[in-house]
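The structure appears right after this line, and notes come after that.
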Amino acid sequence: MPLTPADIRNKRFSTSRLRPGYVRDDVDLLLRRVEATLTAVANGQRGGDLITASDVMRSQFRTTLVRSGYDEEEVDEFLDRVAESLRAAGLYAASVNTGQFKRTGVPNKPAGTVFRLRPEDIRNKGFTTTRLRSGYVEDEVDAFLDRAEATISAALNGADATEPLSATEVRAVRFTSARLRSGYAEDEVDQFLDLLVDELEHHGLH
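Written out as structure tokens, the structure reads:
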């Protein structure tokens, strides 16, 4: 069930003690932006400084050792839910030409407005790193997304990529699961690959 502005405003995290935690101000600032975005969406507003799922997933916080901070695992898990709620609202990533945010499926979208995945959205994409559960090997995912970025960049510039990626390859890719080390959250990677498939098909790269 999608989160509401009140869910964001009223969220409380455990505080870390004798171990690293996220700086509270950093997390609170991000959540204030999320609350404002969900409020704007609920009111049918499309303009302004809306935050996207991509913004949330690549956000980074300072860690604190001397004073208490927010429990990192709790924050990471909640941000997964936040990102999912933003996706449900159609807020994925920024558009190519307009500076607005991608709002797939949002009612009353201006006619003729086309929102696409940009090379920088792929380059700057961040995934939650797993700690106590399996995740995809980070180097494999990063190398694959490097090809994706180069392919989309070449398509936008009317050029041929050195090693072009197709939607079929994205659907078929299988990454190795990391063992005894951190990896990228599998569900987040899979969801982003779905977006990549759509983008490649848009450019005729089936």
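Just so you know, we're using our numbering here: the sequence shown kicks off at 66 and counts up by one.
The beta-carbon is built from N, C-alpha and C at its ideal position, and this holds for glycine as well.
Note that the coordinates shown come from a computational prediction; the quantities given were computed from them, not determined experimentally.
Proximity to residue i [Cα-Cα], best of the options
i	options	result
residue 69	102, 214, 94, 93	102
residue 239	254, 88, 127, 225	254
residue 140	132, 83, 157, 95	95
residue 92	138, 108, 201	138
residue 71	186, 147, 128	147
residue 188	200, 209, 202	209
residue 98	73, 82, 86, 107	73
residue 143	67, 237, 225	67
residue 184	107, 206, 219	219
Assigned exposure category for residue i - 16 Cβ within 10 Å defines buried
i	result
residue 175	A caution first: residue 175 carries a pLDDT of 39, below 50, which makes its placement in the model too unreliable to give a value.
residue 150	buried
residue 117	buried
residue 164	Since pLDDT at residue 164 reaches only 36, below the 50 mark, its modelled position is unreliable, and the value read off the structure follows with that caveat. With fewer than 16 Cβ atoms within 10 Å of its Cβ, residue 164 is classed as exposed.
residue 270	buried
residue 244	exposed
residue 173	Because the pLDDT of residue 173 is 36, which lies under 50, any placement of that residue in the model is unreliable, and the number read from its coordinates should be weighed accordingly. Looking at its Cβ environment, which holds fewer than 16 other Cβ atoms inside 10 Å, residue 173 is exposed.
residue 216	buried
Coil, strand or helix - residue i by DSSP
i	result
residue 124	coil
residue 156	strand
residue 79	coil
residue 193	coil
residue 218	helix
residue 163	Low per-residue confidence applies at residue 163: pLDDT is 33, beneath 50, and the placement is therefore not dependable enough to give any value.
residue 213	helix
CB contact below 8 Å: residue i versus chain B
i	result
residue 86	This model lacks chain B altogether, as it is built from one protein chain only.
Would you check if there are 3 or more beta carbon pairs closer than 8 Å linking the segment 246-254 to the segment 188-200? yes
What runs of the alpha helix (DSSP H), each 4 residues or longer, lie entirely inside the segment 84-151? 89-107, 118-122
I'd like to know if the segment 120-127 and the segment 72-79 are in contact, where contact means that at least 3 CB-CB pairs between them fall below 8 Å. no
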